[in-house]
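What follows is a set of notes on a single structure, which appears directly below.
Chains as they are written, first to last, in my numbering: chain A, 1 to 191; chain B, 1001 to 1605.
Now the structure itself:
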């Protein structure tokens, strides 16, 4: 770590710092779940799960939304409210589309007899992806509130911190999805 | 400037200007609701946690008295119990299902609601901003949410006691398959679901709190307050919060999987089960998986409970023996070591679950390693009061009591940490005795010490000393009388959680001992009610605090006005120039942290 990096850390806004600690905490929850997955995959009657193509589409949507989130942040930093609003709406649209693609993927799995019965990776998939989707939904709601707020009321002081926090959270949810996707792909045997 | 008579007004000259937006807090118009109910002031939130914790402690304590009645007098009938509990105490005797419910709620409530939320919720909220020199927490709003999630968790838990089929009764650990199957008993029906929901809310509460504590300690310290100038309670709260933030989410994932197993037919923890003649379709689950997830939180939880008490005891012993804390850096190091080891010992709760013995031996080693930082801390507390000019305030007595209990309870931990001895001792009264002394009673002593010491800061009044001394001596002697004999019971093989041991000839020798324990526990419970009376009486009628710094302490909370408003300091936040333990230095009794180091001063830290 260079000196400048350390200096930046020192000046970090408390709310941003809180988010980073929260991310650590959320990571522990998913680490707990994925390690439970590994422990259980050594039990008898374990069935791997093949992931539907919809989850690949989810991945593309999520990656795209990270890019658009960054564009929204850029718009806000440069004080081009038109761009900020536009990219916020696109991002939260992509987020909603992500959740929808997850739902369709779940339904496809369910129709292929991957249900809560028996044992196997499928049960974990619903719980882990479901919990991740809940975090995406929370993010979509936050973005929605911020996007609506940018139309109503007057701004007393121009503060980039809330948008930066939302962006960090969004990227975290994106990276978390990549981790889970790869995890299920490699460990869950789901090509 | 006269160095000796430095008041908080003089201090503010040298103070820096804090973040401009923080000043705004002081000018809010506050209604009753915003000041006392949905308050964002960390001090009020701390008091809310404390008073809610007291209510839960009374409930949890009362439950223990109820099942102690059953254990001490299994043949006796208490008609009054039937009056209150109806069919749960048919014929005036506590019924088995209800007994398990009492044990479960007693454990859950005291471990989580009292000694986690009531202890760190209270003192982290009260002390962190005051002692690091901040106007409030990093996020007062999240802080308020933290309390209200806790409140909600309490409402759900309380309602589970009034459910027709009774509260959760799978023990505070809620091991599946018992807790995962409705068919297994009345207490595994709605009560268990409410327990899981309540705990999930509680976990959210403690995460929101923990995030705030960490962010505040690392980000909001006043000028000059370097990390090695932090008072020890703050360090302890910091490690507590780190433990909580990293381990509670794992319990949450365990609880979510259990909810799925209970309600949606998944088989995370269930496999090949026949219950009441019915063969269940579940396959491939692992009950041990839950134990891993549970104890990955469960063991750090022990230190979540203990560390705040350790921190406050360090502070109180130093202040009241008018001596610097012995080995400040060793205290930090041992806190850090405990924090790391806390994550590496969880399987010592699982020695007899079929854990690989070679793996078990690794956990034995790591478990016994905790004795090292624990011994360092004990040594430092004793050397801190050694040849000190001790003021035996109630807080000091409780702090010394904490050290005594921590030693007694810690030593039996060495027995239990050995997997071979644990084969004999696990699930006996020995375990009950061990964790009640080292974690339960000791942390309660830390909490009482904290309440007696910081009550003047919380309410601007003192607690009544006569009642406090009675409270101390009854609790101190009573705790040993209650828990010491349980070691012998455990060594003789008496199992825990049995409501009636008359049927076993080998466990029959302790009937009179059990009676004695029951009588003492009623007396000790009465002493706690005396404390509760003292607490609420003194809020309104206690002797008023007249000086800003009644204990002659160095830390920043005593530079605030006697009854600080939201924002804590009236002027600027004071600047810190030294560590908090300059007691009895250069012929002066104490030198507050706000006083610049003099040119002639001897070097200490």
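We treat Cβ as the ideally placed atom computed from N, Cα and C, and that holds for glycine.
Cutoff 6 Å; reference residue i; Cβ partners in own chain excluding five residues on either side
i                      : result
residue 55 (chain A)   : 105
residue 1026 (chain B) : Unreliable positioning characterises residue 1026 (chain B) in this predicted model, as indicated by a pLDDT of 45, which lies under 50. The coordinate reading is nonetheless provided below. The answer, listed in chain order, is 1567.
residue 1238 (chain B) : 1217
residue 183 (chain A)  : 34
residue 1544 (chain B) : 1461
residue 1050 (chain B) : 1122
residue 1351 (chain B) : 1360, 1419 and 1422
Length of the line joining the Cα atoms of residue i and residue j
i                      : j                      : result
residue 192 (chain A)  : residue 101 (chain A)  : Because chain A in this structure spans residues 1 to 191, residue 192 (chain A) falls outside the shown range and cannot be described.
residue 1377 (chain B) : residue 1498 (chain B) : 36 Å
residue 1265 (chain B) : residue 1283 (chain B) : 11 Å
residue 1467 (chain B) : residue 1529 (chain B) : 11 Å
residue 1590 (chain B) : residue 1232 (chain B) : 17 Å
residue 1248 (chain B) : residue 1598 (chain B) : 46 Å
residue 171 (chain A)  : residue 151 (chain A)  : 24 Å
residue 124 (chain A)  : residue 1099 (chain B) : 35 Å
residue 181 (chain A)  : residue 1205 (chain B) : 30 Å
residue 1582 (chain B) : residue 83 (chain A)   : 58 Å
residue 1117 (chain B) : residue 1220 (chain B) : 23 Å
residue 1241 (chain B) : residue 1124 (chain B) : 9 Å
residue 46 (chain A)   : residue 114 (chain A)  : 12 Å
residue 1557 (chain B) : residue 1131 (chain B) : 5 Å
residue 1260 (chain B) : residue 1575 (chain B) : 53 Å
residue 1213 (chain B) : residue 1392 (chain B) : 31 Å
residue 1563 (chain B) : residue 1459 (chain B) : 7 Å
residue 1024 (chain B) : residue 1126 (chain B) : Because the pLDDT at residue 1024 (chain B) is just 42, under 50, the model does not fix this residue reliably, and the point stays unresolved.
residue 119 (chain A)  : residue 1267 (chain B) : 6 Å
residue 1323 (chain B) : residue 1555 (chain B) : 14 Å
residue 1223 (chain B) : residue 1573 (chain B) : 9 Å
residue 92 (chain A)   : residue 1271 (chain B) : 42 Å
residue 97 (chain A)   : residue 61 (chain A)   : 7 Å
residue 1227 (chain B) : residue 73 (chain A)   : 34 Å
Residues of its chain near residue i, where Cβ-Cβ distance is below 7 Å and the 5 sequence neighbours each way are ignored
i                      : result
residue 160 (chain A)  : 76 and 77
residue 1065 (chain B) : 1521, 1522 and 1525
residue 1449 (chain B) : 1312, 1313, 1316, 1395, 1398, 1399 and 1402
residue 1482 (chain B) : 1517, 1520, 1521 and 1524
residue 1408 (chain B) : 1437
residue 1243 (chain B) : 1300, 1303, 1304, 1339 and 1342
residue 1196 (chain B) : 1255, 1258 and 1259
Close Cβ partners of residue i (< 8 Å) along its chain, the five nearest in sequence each way excluded
i                     : result
residue 127 (chain A) : 33
residue 30 (chain A)  : 128, 131, 132, 176, 179 and 180
When the options are compared against residue i, the one with the closest alpha-carbon
i                      : options                           : result
residue 23 (chain A)   : A:111, A:62, A:135 and A:140      : A:135
residue 1560 (chain B) : B:1076, B:1553, B:1548 and B:1566 : B:1548
residue 1578 (chain B) : B:1601, B:1572 and B:1587         : B:1601
residue 36 (chain A)   : B:1380, B:1573 and B:1257         : B:1257
residue 1464 (chain B) : B:1533, B:1496 and B:1505         : B:1533
residue 1443 (chain B) : B:1071, B:1324 and B:1119         : B:1119
residue 1200 (chain B) : B:1603, B:1152 and B:1285         : B:1152
residue 69 (chain A)   : A:89, A:110, A:118 and A:52       : A:89
residue 1434 (chain B) : B:1033, B:1473 and B:1480         : B:1480
residue 140 (chain A)  : A:80, A:166 and A:53              : A:166
residue 1079 (chain B) : B:1090, B:1072 and B:1158         : B:1090
residue 1334 (chain B) : B:1357, B:1344, B:1310 and B:1356 : B:1310
Amino acids of chain B, ordered along the chain, whose beta-carbon sits closer than 9 Å to that of residue i
i                     : result
residue 159 (chain A) : In chain order: nothing, as chain B lies at least about 10 Å away.
residue 44 (chain A)  : 1271, 1283 and 1284
Interface residues of chain B facing residue i [CB-CB closer than 7 Å]
i                     : result
residue 208 (chain A) : Because chain A here runs from 1 to 191, residue 208 (chain A) falls outside it and cannot be looked at.
Neighbouring residues, chain A, relative to residue i (Cβ below 8 Å)
i                      : result
residue 1357 (chain B) : Simply none; closest approach about 19 Å.
Beta-carbon neighbours of residue i, restricted to chain A and to distances below 9 Å
i                      : result
residue 1176 (chain B) : By Cβ distance, chain A contributes nothing, its closest Cβ being about 13 Å from residue 1176 (chain B), past 9 Å.
residue 1146 (chain B) : Result: empty, since nearest Cβ-Cβ is about 12 Å, beyond 9 Å.
residue 1481 (chain B) : Correct list: empty, because the minimum Cβ distance to chain A is about 41 Å.
Neighbouring residues, chain B, relative to residue i (Cβ below 8 Å)
i                    : result
residue 14 (chain A) : 1138, 1139, 1215, 1216, 1219 and 1220
Contacts of residue i in chain A (Cβ-Cβ under 7 Å)
i                      : result
residue 1245 (chain B) : 21, 24 and 25
Check: residue i C-beta below 7 Å from any heavy atom of the ligand FAD
i                      : result
residue 1159 (chain B) : Inclusion of the ligand FAD in the displayed structure is not the case, the ligand content being empty and no account of it being possible.
For the segment 1212-1238 of chain B, list every residue whose C-beta sits within 8 Å of some C-beta in chain A, in sequence order.
Hits within the stretch, in order: 1212, 1214, 1215, 1216, 1218, 1219 and 1220.
What are the residues in the segment 1553-1577 of chain B lying within 7 Å of chain A by C-beta distance?
The segment 1553-1577 of chain B vs chain A, Cβ under 7 Å: nothing.
Interface positions of the segment 1269-1286 of chain B facing chain A (Cβ-Cβ less than 7 Å), listed along the chain
Going along the segment 1269-1286 of chain B in chain order, one finds 1281, 1283, 1284, 1285 and 1286 with a Cβ nearer than 7 Å to chain A.
Given a limit of 7 Å on CB to CB distance, which residues of the segment 163-189 of chain A reach chain E?
Checking the listed chains, one finds no chain E in this structure; the protein chains it contains are A and B.
In chain order, what residues of the segment 1341-1355 of chain B put their CB closer than 8 Å to some CB of chain A?
Here the close residues number zero.
Please list the residues of the segment 105-121 of chain A that have a C-beta atom closer than 8 Å to any C-beta atom in chain B, keeping them in chain order.
Listed by position along the chain: 116, 117, 118, 119 and 120.
Quick one: which residues of the segment 1252-1271 of chain B get their C-beta closer than 8 Å to a C-beta of chain A? List them in chain order.
Listed by position, the residues of the segment 1252-1271 of chain B near chain A (Cβ gap below 8 Å) are 1252, 1253, 1254, 1256, 1257, 1260, 1264, 1265, 1266, 1267, 1268 and 1271.
For the segment 1121-1136 of chain B, enumerate the residues whose C-beta is nearer than 7 Å to any C-beta of chain A, in chain order.
Under the 7 Å Cβ criterion, the segment 1121-1136 of chain B contributes no residue.
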